[in-house]
Every structure is written in structure tokens, then in C-alpha cells.
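Presented below is the structure to which this report refers.
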Amino acid sequence: MSAEGFIPAKKSYLLPVISCIALGEGCFMLSLDCGEITEEICPGQFFSLLCGGNTYLRRPVSVFDCSGGVLRLAFEVRGRGTELLSALRPGDTLDALGPLGHGFPANGVKKAAVIGGGIGIFPLFMLAKALKAGGAEVSAFLGFRTKTKIVCDREFFSVCGAKTHIATDDGSMGFQGFAPLQFSQALAAGEKYDAAYICGPAPMMRAAADAAAMYGIPAYVSLEERMGCGIGACLVCACRLKDKDGRVRTGHVCKDGPVIPAEQWAREENRK
Amino acid sequence: MSNKAIDTRIKIGKTEFANPVIAASGCYGFGREFAGYTDISRLGGISVKGLTLLPRDGNPSPRIAETPSGILNSVGLQNPGVEAFIRDELPFLRKTGTKVIANAAGAEISEYARMAEILDGAGTDALELNLSCPNVKAGCAAFGSRPDTLREAVREARRHYRGTLIVKLTPNVTDITELARAAEDEGADALSLINTLLGMAIDAKTRRPVLANITGGLSGPCVKPVALRMVWQVHAAVRIPIIGMGGIENGTDAAEFMMAGASAVMVGSANLVRPTAAVDVLDGLISFAENAGETRLADITGTLRI
Chain A
1 MSAEGFIPAK
11 KSYLLPVISC
21 IALGEGCFML
31 SLDCGEITEE
41 ICPGQFFSLL
51 CGGNTYLRRP
61 VSVFDCSGGV
71 LRLAFEVRGR
81 GTELLSALRP
91 GDTLDALGPL
101 GHGFPANGVK
111 KAAVIGGGIG
121 IFPLFMLAKA
131 LKAGGAEVSA
141 FLGFRTKTKI
151 VCDREFFSVC
161 GAKTHIATDD
171 GSMGFQGFAP
181 LQFSQALAAG
191 EKYDAAYICG
201 PAPMMRAAAD
211 AAAMYGIPAY
221 VSLEERMGCG
231 IGACLVCACR
241 LKDKDGRVRT
251 GHVCKDGPVI
261 PAEQWAREEN
271 RK
Chain B
1001 MSNKAIDTRI
1011 KIGKTEFANP
1021 VIAASGCYGF
1031 GREFAGYTDI
1041 SRLGGISVKG
1051 LTLLPRDGNP
1061 SPRIAETPSG
1071 ILNSVGLQNP
1081 GVEAFIRDEL
1091 PFLRKTGTKV
1101 IANAAGAEIS
1111 EYARMAEILD
1121 GAGTDALELN
1131 LSCPNVKAGC
1141 AAFGSRPDTL
1151 REAVREARRH
1161 YRGTLIVKLT
1171 PNVTDITELA
1181 RAAEDEGADA
1191 LSLINTLLGM
1201 AIDAKTRRPV
1211 LANITGGLSG
1221 PCVKPVALRM
1231 VWQVHAAVRI
1241 PIIGMGGIEN
1251 GTDAAEFMMA
1261 GASAVMVGSA
1271 NLVRPTAAVD
1281 VLDGLISFAE
1291 NAGETRLADI
1301 TGTLRI
């Protein structure tokens, strides 16, 4: 509180928990009352959450959807923080900083492909909805390791209908192979897209981005790195970005991303 | 609120600060990102991200790991370089009215001299000599952990910098009072401590270090006991003012550091968790002082009862 009446442009919110539903396979969907948030929330953005317990840092979680005053965040339990998040119950409140980061640019796109791998599909849902609402035709290529790992397929079907394509590594459901391969085959079969939006493990994103580049389709990837402040000050979430001349600089996922044009994505030289 | 507002002013070297709460280097960028969340002009000062002569990219990711009650970081002094700071970041900071402390690091002793020269009269309010960052290959912590190299670095900076010179000490030493006395001897106006403790985290599933740099600097509430002890020891060893830091999360923590001997405090890691943390610490410290019947924050310094 300031004696001079300083009004912050941004703040963290204490959002009431509406529900926390298990999606299966260690994934959860948190629904929060976001009536208090006046800032527009864009597909591809994230919130940084205080998990409580014996955790210290916030955890960044992608926005799955935001409509009708309800913010949905989807995540996989990976450690102590996300485990605590999965235990949130109706009536609890969640300290959420956001919306943060750059989302997917969707203006003027008439025919889009969204390509997701595993939990990478989560940020693509709100994007698919927004694209459809803008009059675009949206094809979703969603890849999972195996049939039992499939989550949120019904949500995507409700938006993309017959243009929802499921792929599993082992072929237990849908196309056998990676989502980027299925996307590649669609391109080879003559499908034309104005933009490709890609989110998932780095090798999967690289494959999809290469396929898009081969056909001259503007593509966007969503990066992920361990984060600190989430607002661009502490510099820990470093990623390598390259410009048109091929020069590489150090950017940051929370500030320059998480969504960046695929051609700017430079892999870390000594990454394992 | 009492009838008479508490006097929050403190003096460090030649610089008068409006209050003793300063944002710690590396945790506040150049202030811009926090300006949207909190009134940064209320801070006593901001110590900016560590500057080097030339721009630095820093270490590969991952650069952060959570630890019990804290974090490990291995950013590696990523910064735009001192010239770009003066040109692109300093004007904004000066407009806020808060004191601007330039934190400067070097790979060689000569670089500290050059940095001091460049920053002398450049428009900052103080220079904080970073002799303690554990995340860069050359210089820095190496200089700060030995009295002879620390003396040389401080002497060189003192020769070229006329303003308030603060020496930031590393805790990764056997006896910090030795380094503290050496810095005072060579003309430091004040000391700031502690910088991070050298630490490591392992991912048991992959059997790999979590940080790409393998080791990193530990900070946050988990280091407070070490920091308090060191502030107390240094206070007994030197006469120049001390800026205390290490896991300060609220006003009571800040008061504890002042009782141990600090004239001012720096708030670092807490800002990564709550963007309003530094100003919240100031408000908490004022509350603490009011409840304790103090009329001046400066009166809390050195009041530990042994």
C-alpha cells in the first residue's frame, strides 16, 4: 500500500477455485473464477502459480481456456508444486500471477494447423477456439505416446470436428507415429495452411517446424524453460533466439516467448 | 499509524537514502518490469543487474533450481554491458527518484578499474563492487575470496570512483571478517553481504545436475541464518556501514538484519516470488519499528542484545 495512492497496472490475483478435475495420466484441469481479471488473456499465455506447502518458487502453467469468467489451467503433475496444485479443492484460493508472456498471433489466419505433443496440446485449445471464432478453418494434429495417454480429445473434437487428428506413437489409437509426421503427410497430400502453431517436446516441435518450413508456412513454437520471476527481470529462463541474419542472442521464455516464430528458435549449443 | 511519521532516512557513505530497503542486484533487472506491479520510487534504492565492460550472454539454461526454502541460480551475469546500461536503462531509473546503485563485475582487476572510471560521474548514486558472483569462470568470486586480490580490486575502484563505494562480499570464505577489514582498509564506504552460497542440485531420475552450469548460487530464506551470522561478525570487525541481505522476506527479517548490525538491507529472491516484495518489506519494517516504539529506523542498527 502506498500513501500516495499508487495504482499498480498489474498484480497477482487470489482466484477462487471452482474445481480441480483429474484428466487421467497425472493430468489435471483447474477451473478458477477469473472475474477479477480485467486484462485480456490470450491463447499461449501462462499464469505463474504459488503452490504453497514447502515450495518456494511459483510454477508456470499454460492457459487452457478462458471464457464466461472461468479460467482453465491444465497441467501434468511433475513434482511437489504441481502435486499441491492437483490437491486444490472448490473454495480454495490460488495466488496467480498473470497473464504472462506472448501468446499465439492469430489475426487474419483463415486456415490453421495446430500441432501438439502430449501435454503440449493444452495451450492450443484456446487458440483453436479463437481461430474458429475468427472464421478460420482449424485442423488439429494431436500426438500422444499411447491410447491411455490421450487427454482433452473431446474438447478438441468439439472445436475442430472431423479435422481433429489423433496420433499415437504405438498406433494404439488413430495414426501410428508422431503428430508432426501426420501433419507432414497432410502437407504432402496438398493441404495448405496460413499458419502452423506447434507445442510439445522440443524434438516434436523441431519436426513440425521443419515440415512447415518446407512448405513455406509461417509457424510458431511455444518454448519452455525453468522459470524464476516470470516477468522478465531475473533472466533465468534463457533461450537462444536467432534473427534473419542468423545472429544468435539470448532471449527469455517469459518475456520474448513463450510463443516465438519458429524461424527464431535456435537450439542451445550444448544442450543434452 | 502513530501521530508522528517515523524517520526512515539512512546514510551510507556520501549517499543519503530515503529508507534502508534496497532491491538486490540480479533480482530486480533495471526496475522496469517491477514498475508495473509496485511503486519502485518508494524503495530506498535499486542495485541493478551486475554490469560488465562488455555485454554478456550468460550461462546456458537451466539457470534455476528450487531448493528447500530457496533457489539456486546460475545466470552467469547476463547483462547488456555498462555503456548500454548508462544509455538505455539509467535515464528511466533516475526518473523514479530512488537511489541507483550500479553493481559492477570484472574478469580481471583492470576491468574493475575501468568500470569504476566509466561509472564515476555517470549519474548513478553508488557503485557496488561485485567480487562475489560464483557463476562466472574468471574473476569475481575468485577476487573476493582472497584478501590480496580483494584489496587490489577495491584499491583500483577507489582510485577511479569518487562516489559511495560499496563492496559486496562472498560468504564462500573461511573468515568473512578478514575480507571485510581488507575492504574497509582500502577505502570502501560500505559493505554489502551476503552474496550467494555456492551450491548444487541433482535430478535423481536423470542422474544429472539440474543446472546446466552444474553449480550455482544459493539464496532465499534458507541462507538467512548464515547471512545474519556474517552481518553480526562483520559489524564487530569494521566501522563502515553494512547493507545486509540473505533471505529477507518481510519487515521483521529486515529488522533482524539491522539489529545484527546492518544500516540498510537488500531484498532479492523474494521478488521472484512476489513482485511487490521489496516495497512490502519496507512497509513491514516501518510497522515493526512503530510497534517497537522507534522514532528512527536508523536506531535499530546494532541493537542486538548479547
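Quick note, the sequences are listed as chains A and B, same order.
Number 18 in this note's numbering belongs to position 18 of the first sequence; there are no gaps in the numbering.
Number 1040 in this note's numbering belongs to position 40 of the second sequence; there are no gaps in the numbering.
For each residue, glycine too, the CB sits at the ideal point set by N, CA and C.
Predicted model, so just to flag it, every value in this text is computed and none were measured.
Check	Outcome
Have a look at A1201 of chain B and L1072 of chain B and give me their C-alpha separation to the nearest angstrom.	8 Å
Please confirm if K1075 of chain B has its CB atom under 8 Å from at least one CB of chain A.	In the sequence as displayed, the identity of residue 1075 of chain B is Val instead of Lys. Cβ-Cβ to chain A under 8 Å: yes for V1075 of chain B.
Got a sec? Which residues, its chain only, sit under 7 Å from F1257 of chain B by beta carbon, not counting five neighbours each side?	L1228, V1231, G1244, I1248, V1265
Determine the direct distance from the alpha carbon of K1049 of chain B to that of G1026 of chain B, and round the result to whole angstroms.	4 Å
Which first and last residues belong to the alpha helix (DSSP H) in which P1147 of chain B is found?	1147 to 1160
Using a Cβ cut-off of 9 Å, pull out every chain B residue sitting near T55 of chain A, in sequence order please.	E1066
Flag L1272 of chain B as yes if its beta-carbon sits less than 8 Å from any beta-carbon of chain A, otherwise no.	yes
Contact check, S1061 of chain B vs C254 of chain A under 8 Å by CB: the rounded distance?	S1061 of chain B to C254 of chain A, Cβ: 12 Å. No contact.
If you draw a straight line from the C-alpha of K1168 of chain B to the C-alpha of L1129 of chain B, how long is it?	6 Å
Which chain B residues are close to I119 of chain A, counting only those with a beta carbon under 9 Å from its beta carbon?	What I119 of chain A touches in chain B: nothing, since even the nearest Cβ is about 17 Å away.
Against chain B, with Cβ distances strictly below 8 Å, would P258 of chain A count as a contact?	no
Taking the CB atoms as reference points, tell me whether L1119 of chain B and L1131 of chain B lie closer together than 8 Å.	no
Might you give, ordered along the chain, the residues of its own chain that have their beta carbon closer than 6 Å to the beta carbon of W265 of chain A, omitting 5 neighbours on each side?	V221
Check whether chain A comes within 8 Å of I1071 of chain B, counting only Cβ atoms and requiring the distance to be less than that.	yes
Can you tell me which residues form a DSSP beta bridge with A266 of chain A?	A:R240
Classify C276 of chain A as helix, strand or coil using the three-state DSSP reduction.	In this structure chain A extends from 1 to 272, so residue 276 of chain A is not present and cannot be described.
List the DSSP bridge partners of R249 of chain A.	A:L241
Establish whether the CB of C1027 of chain B and some CB of chain A are separated by less than 8 Å.	yes
Using a threshold of 8 Å, state whether the C-beta atoms of P16 of chain A and L32 of chain A are closer than that.	yes
Check N1271 of chain B in the structure and name its three-state DSSP category.	helix
Taking E155 of chain A as the reference, give the member of A:P180, A:M29, A:L14 with the closest Cα.	A:M29
Rounded to the nearest angstrom, what separates P105 of chain A and L127 of chain A at their Cα positions?	9 Å
Are any of the Cβ atoms in chain A nearer than 8 Å to that of P1318 of chain B?	No answer is possible for residue 1318 of chain B: it lies beyond the span of chain B, which begins at 1001 and ends at 1306.
Beta-carbon within less than 7 Å of G52 of chain A's beta-carbon, same chain only, minus the 5 sequence neighbours each way: which residues are those?	L84
DSSP on R1056 of chain B, reduced to helix/strand/coil?	strand
Using a C-beta cutoff of 8 Å, does R58 of chain A count as contacting chain B?	yes
Could you check whether C34 of chain A and L71 of chain A sit closer than 8 Å to each other, using their CB atoms as the reference points?	yes
At 7 Å on the CB atoms, spell out the chain B contacts of I231 of chain A, in chain order.	E1033, P1275
Based on DSSP bridge pairs, tell me the residues matched to I1202 of chain B.	B:P1209
How about L1198 of chain B and T1008 of chain B: do their beta carbons lie closer than 8 Å?	no
Roughly how far, in whole angstroms, is the beta-carbon of G1121 of chain B from the beta-carbon of R1094 of chain B, given that I think they are within contact range, below 8 Å?	Contact doesn't hold; Cβ gap of about 14 Å is too wide.
To the nearest angstrom, report how far apart G108 of chain A and I21 of chain A are at their CA atoms.	35 Å
Closer than 8 Å, CB to CB, is P203 of chain A near chain D or not?	In the structure shown, chain D does not exist; the protein chains are A and B.
What residues from chain A crowd round P1062 of chain B, counting only those whose CB sits closer than 7 Å?	E225, R226
Would you call the segment 1189 to 1196 of chain B and the segment 1027 to 1045 of chain B in contact, with 3 or more CB pairs under 8 Å?	no
Where does K272 of chain A fall in DSSP's three states?	Any reading at K272 of chain A must be qualified, since the residue scores a pLDDT of 35, below 50, and its modelled position is unreliable; the value itself is stated next. In the structure shown, K272 of chain A sits in coil (DSSP, three-state: anything other than H, G, I, E or B).
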